[in-house]
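**Student:**
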Amino acid sequence: MAHGHDEGAAPDDVRTHLRQHGLRYSRPRAAIVSFFREEDRHVSAEDLHQELQARGTALSLSTVYLNLNVLSDAGVVREFQGKQGQKLYDSNVSPHYHLIDKDTGEVVDVPAPTVDGVPLGTFLKRTVEAATGWELEEPKVHLRGRAPASADDGGD
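Residue numbers (the working numbering): 10 to 165.
Now the structure itself:
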């Protein structure tokens with residue numbers, strides 16, 4: 010499934026997107042969804058709140074948190090942990106992992122490797138469920154390390 014990003018998503022398009030995820034339309038949800046649909050983003054609730062305020066969208070921080078949780082639970086955005094363990098939200102909900110630089114906190118998306126033709130997380134889920142009888146949520150894989158030194162940073 011293609012990951013849709015369109016500049017200034019039309020209100021009807023945002024309504025449809027929310028409805029497809031079983032959510033009712035609200036002004037705060039529309040503002041947040043429109044922001045995420047502009048481009049792939051990794052953002053904290055606080056940074057999102059500041060960005061929306063700068064754009065003239067007056068939402069309280071608690072409203073941003075509440076709606077990010079609802080949107081995350083519905084699969085509209087994806088929640089993951091950043092460098093310091095803080096919650097970050099990702100507009101890309103396709104199967105992928107995050108490489109998180111331990112020094113800078115930079116986040117890079119990498120496609121999920123496949124095993125037997127399915128994404129790694131799905132493969133792990135199916136394998137563990139078959140072996141144990143447990144019903145698992147999607148496994149979370151954290152990839153933390155250091156980005157390769159660039160030629161201009163002196164390697165330090």
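Backbone N, C-alpha and C fix where the C-beta goes; we use that ideal spot for every residue, glycine too. Since the model is a prediction, treat every value here as computed from it, not as a measurement.
1. Does DSSP put residue 136 in a helix, in a strand, or in coil?
2. By DSSP, does residue 122 sit in helix, in strand, or in coil?
3. Applying the 10 Å Cβ sphere with the 16-neighbour rule, what's the burial state of residue 28?
4. Sorted by chain position, which residues of the same chain lie with C-beta nearer than 8 Å to residue 14's C-beta, five sequence neighbours on each side aside?
5. State buried or exposed for residue 148, treating a residue as buried only when at least 16 other CB atoms are found within 10 Å of its CB.
6. In or out: residue 154 buried (at least 16 other Cβ within 10 Å) or exposed?
7. Sorted by chain position, which residues of the same chain lie with C-beta nearer than 6 Å to residue 87's C-beta, five sequence neighbours on each side aside?
8. Compare the Cα-Cα distances from residue 54 to each of 71, 43 and 65 and report the closest residue.
9. Alpha carbon to alpha carbon, what distance is there between residue 41 and residue 64?
10. State the DSSP-derived secondary structure class of residue 148, mapped to helix, strand or coil.
**Tutor:** According to the data block:
1. Position 127 of the sequence shown holds residue 136. Helix at residue 136.
2. Mapped onto the sequence shown, residue 122 falls at position 113. DSSP places residue 122 in coil when its eight states are reduced to three.
3. Within the sequence shown, residue 28 is the residue found at index 19, counting from 1. Sixteen is the threshold: since fewer than 16 other Cβ atoms of the shown chains lie within 10 Å of the Cβ of residue 28, the residue is exposed.
4. Residue 14 sits at position 5 when you count from the first residue of the sequence shown. Only weak support is given to the placement of residue 14: the predicted model assigns it a pLDDT of 40, under 50, and the question is left unresolved by the model.
5. As a first step, residue 148 is located in the sequence shown; it is residue number 139 there, counting from the start. Of the other Cβ atoms in all chains shown, fewer than 16 fall within 10 Å of the Cβ of residue 148; this residue is therefore exposed.
6. For this step, residue 154 is matched to residue 145 along the sequence shown. Residue 154 should be labelled exposed.
7. As a first step, residue 87 must be located in the sequence shown, where it is residue number 78. When the five nearest sequence neighbours on each side are left out, the beta carbons in the same chain lying within less than 6 Å of the beta carbon of residue 87 are those of 99 and 102, in order along the chain.
8. By 1-based counting over the sequence shown, the position of residue 54 is 45. Residue 71 is the option with its Cα nearest to residue 54.
9. Taking the sequence shown and counting its residues from 1, one reaches residue 64 at position 55. Taking the sequence shown and counting its residues from 1, one reaches residue 41 at position 32. Distance between the alpha carbons of residue 64 and residue 41 is about 12 Å.
10. By 1-based counting over the sequence shown, the position of residue 148 is 139. Correct three-state label for residue 148: coil.
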